[in-house]
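**Q**
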Amino acid sequence: MRSLQVDTEKFGNLISKFERKVDEVSKGTGEGSRIIPGTPGIAIGGNSTKLGKNMMTEMGLRRSTKWSGYQAQHIIPSEMADNPVIKKIGMNFDDSSNGIFLRVPDDNISTMARHRGYHSVYNEVVARALNKMDISQSIDSLQKQVYDLQKNLRKLQGNGLPLYPSPGATVELWERKLKQLEIQNK
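Under the working numbering, residue 253 is the last one in the sequence shown; the count climbs by one each step, no gaps.
So this is what it looks like as structure tokens:
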């Protein structure tokens with residue numbers, strides 16, 4: 068049991084390192100630069116196993132590394148592939164920058180959100196946030212907004228905001244917390 072705790076701690080440290088690296092992504096939106104990996108007009112991906120393997124590679128680990136006790140969560144769910152903003156900017160949902168490892172529900176204490184399957188409340192919040200964006204803006208401008216949304220969603224999940232209704236997730240709660248982060252980041 069002790070070795071499992073040590074491995075979990077090491078894995079948690081690797082996740083923190085990965086999240087810091089993702090935050091270092093260029094924040095510029097110069098002509099032709101991509102801050103959301105993908106090709107304009109094309110939305111691909113949506114496989115959480117592939118996402119997890121891509122995150123492992125980004126952390127400098129072998130793709131075959133196991134992440135027992137965690138699930139790879141798409142920050143912008145692949146269910147958003149038909150959203151006009153995502154269609155316009157193009158996105159690879161399985162790129163490591165669109166992922167976060169979340170613990171599966173267990174008896175251990177964790178400040179992070181827990182993940183187990185489909186999360187309708189969270190998906191509704193993401194859809195609403197994307198739908199508030201002005202589709203007539205440039206691809207670069209929309210990429211920056213989607214990047215900022217990813218960053219805020221990652222932070223809220225890392226801080227333990229629940230994904231599911233049973234532990235308290237509501238669309239209103241998520242939207243209020245997102246708004247607070249948007250105000251803080253201005």
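Quick reminder that beta carbons are idealized off the backbone N, C-alpha and C, glycines included.
Since the model is a prediction, treat every value here as computed from it, not as a measurement.
Give me whichever residues DSSP pairs with Ala110 in a beta bridge.
**A** DSSP lists Met158 as partners of Ala110.
**Q** Once DSSP output is grouped into helix, strand and coil, what is the label at Leu248?
**A** Three-state DSSP puts Leu248 in a helix.
**Q** So is the beta-carbon of Leu228 under 7 Å away from any non-hydrogen atom of the ligand SAM?
**A** The ligand SAM is not among the ligands present in this structure, which contains no ligands whatsoever.
**Q** Let me know if Asn226 comes out buried or exposed under the rule of 16 or more other beta-carbons within 10 Å of its beta-carbon.
**A** Asn226 is exposed by the Cβ-count criterion.
**Q** Since Asn279 contacts Ile202 with CB under 8 Å, what's their CB separation in whole angstroms?
**A** The requested residue 279 does not occur in the structure, where the chain is confined to residues 68 to 253.
**Q** Quick one, are the C-beta atoms of Leu14 and Lys155 less than 8 Å apart?
**A** Absent from the model: residue 14. The displayed extent of the chain is 68 to 253, so no value can be given.
**Q** Determine the direct distance from the alpha carbon of Tyr231 to that of Lys94, and round the result to whole angstroms.
**A** In this prediction, Lys94 scores a pLDDT of 40, lower than 50, which makes its location untrustworthy; the coordinate-derived value is nonetheless stated afterwards. Between Lys94 and Tyr231, the C-alpha separation is close to 31 Å.
**Q** Could you give the DSSP three-state label for Val238: helix, strand or coil?
**A** If DSSP states are grouped into helix, strand and coil, Val238 belongs with the helices.
**Q** Strictly by DSSP, which residues pair up with Gly166?
**A** His141.
**Q** Could you check whether Asn114 and Asp161 sit closer than 8 Å to each other, using their CB atoms as the reference points?
**A** In contact: Asp161 and Asn114 (Cβ atoms closer than 8 Å).
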